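Engineer: The sequence shown: position 118 = 120 (my numbering), numbered continuously.
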Amino acid sequence: MKHFLLALSVSATSILMAQDCSQVFISEYIEGTVNNKVIEVYNPTNIAIDLTQFQLHRWNNGTVIYDNSYTETLKGTVPAKGVLVFVKDTGEGGVWNSIKAKADFYLTTSCTPTSSNRTLCFNGNDALTLETLDKTVVDAFGYIGDDPGNPTAGGGWNNVPPTYSAADSNEHSWTTNHTLIRKYGVKKGDPARYKASGDPAWDVSVEWDSLKVNTYDSLGFHRCACNDMVGIKETVNAKFEITPNPAVDFVNITSNEEIAEIVITSFNGQLVANRKLFQMNPTLNLSELQIAKGTYLLQVRTVNNLKATKVLQVVGEKQ
3 MKHFLLALSV SATSILMAQD CSQVFISEYI EGTVNNKVIE VYNPTNIAID
53 LTQFQLHRWN NGTVIYDNSY TETLKGTVPA KGVLVFVKDT GEGGVWNSIK
103 AKADFYLTTS CTPTSSNRTL CFNGNDALTL ETLDKTVVDA FGYIGDDPGN
153 PTAGGGWNNV PPTYSAADSN EHSWTTNHTL IRKYGVKKGD PARYKASGDP
203 AWDVSVEWDS LKVNTYDSLG FHRCACNDMV GIKETVNAKF EITPNPAVDF
253 VNITSNEEIA EIVITSFNGQ LVANRKLFQM NPTLNLSELQ IAKGTYLLQV
303 RTVNNLKATK VLQVVGEKQ
């Protein structure tokens, strides 16, 4: 009972969430093969933030018990509008060199039960909270107290109501064997949700885009509406769909309004393609895409100057 009450007290502090673009939050989650486990933290503010004043906690397998062996203090100073990348320590092996090259810092030296810091040992059914050192939650990932199934059997959270649990829906998990990137329009952390408190179930698709396992080319950068708030007021409420996605050499775009412009950029902000349309239509076919394999941001601007951005994954050129 003592531990349960402690979990509820953390829930109470989590309602004191930051205003838009005023506090760090998790921008990328990689649950890859072997030990390829990564968390990226983004700073949406105009000043550098000392991450040694924050910690990451893992709620192991649906537990409500706050166990300090699943908590690690973060490292480094994240620059304004920048990110820091935390990769699972390579002591146990199984972390790709290409992912190591993206690391700013390593966490979690071992996942053995006797280890005192097992935070990055998540495998798809573990909630995470980004906290200040006094356990005030500034961002949350997952549904605390809910076990969405054994990841080795396909368990994890997904976008299927009402429980958003792969164990309940028998649909594929988003949080297992996937890379998840925070959506462009997200400007602050998500409040912690506790199943025992009756909080609504967590739909991962509301704030996260899902990419295939071991996708990591977007690490080290995060595109967010907070970056574009100086000089341009952007309304992120246009609605559109991209098919197919992942794509090979073409994509179809369907919007709720006539499309005026398409902009494709890399995650480091490099312009890849820009097409302004003089004959506007709510549907558009981009044939002969001719974009190198990788992960991009595709922004739609409508005739009413509404904008929205989604992740576009190009998996290769047509043979």
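Every residue, glycine too, gets a C-beta built ideally from N, C-alpha and C.
Owing to the predicted nature of the structure, the values given are computational and were not obtained by experimental measurement.
Mind listing, in chain order, the continuous beta strand (DSSP E) runs of no fewer than 3 residues lying wholly within the stretch 252–299?
Structural biologist: The qualifying runs are 253–268, 273–288.
Engineer: What is the residue span of the alpha helix (DSSP H) that K102 lies within?
Structural biologist: First-last of the alpha helix (DSSP H) with K102: 99–102.
Engineer: Who are the Cβ neighbours of V232 in its own chain at under 6 Å, not counting the five residues just before and after it?
Structural biologist: Low confidence applies here, because V232 scores a pLDDT of 39, under 50, leaving its location unreliable; read the following figure in that light. Nothing listed; no residue qualifies.
Engineer: Within the continuous alpha helix (DSSP H) that includes A169, where are the two ends?
Structural biologist: Where A169 is concerned, the enclosing alpha helix (DSSP H) stretches over 168–171.
Engineer: Find the nearest neighbour of L135 within the set L53, A155, Y196, judged by alpha-carbon distance.
Structural biologist: Nearest C-alpha to L135: L53.
Engineer: Assuming T121 and E74 form a contact by the criterion Cβ under 8 Å, report the distance between their Cβ atoms to the nearest whole angstrom.
Structural biologist: The Cβ separation is near 4 Å, so the contact holds.
Engineer: My understanding is that Q315 touches N229, with C-beta atoms under 8 Å, so please give their C-beta distance in whole angstroms.
Structural biologist: The Cβ separation is near 21 Å, so there is no contact.
Engineer: Rounded to a whole number of angstroms, what is the C-alpha to C-alpha distance between Q281 and A275?
Structural biologist: Approximately 18 Å between the Cα atoms of the pair.
Engineer: Helix, strand or coil for A82 per DSSP?
Structural biologist: Note: A82 maps to coil in three-state DSSP.
Engineer: Have a look at R225, V26, A262, V250 and flag the residue whose alpha-carbon is nearest the alpha-carbon of F242.
Structural biologist: Nearest C-alpha to F242: A262.
Engineer: Are there 16 or more other CB atoms within 10 angstroms of the CB of A102, so buried, or fewer, so exposed?
Structural biologist: The question names Ala, but residue 102 in the sequence shown is Lys. K102 should be labelled exposed.
Engineer: Identify whether E133 lies in helix, strand or coil by the three-state DSSP scheme.
Structural biologist: Note: E133 maps to strand in three-state DSSP.
Engineer: Check each candidate in L76, L288, G191 and name the one with the smallest Cα separation from L279.
Structural biologist: Out of L76, L288, G191, L288 has the C-alpha closest to the C-alpha of L279.
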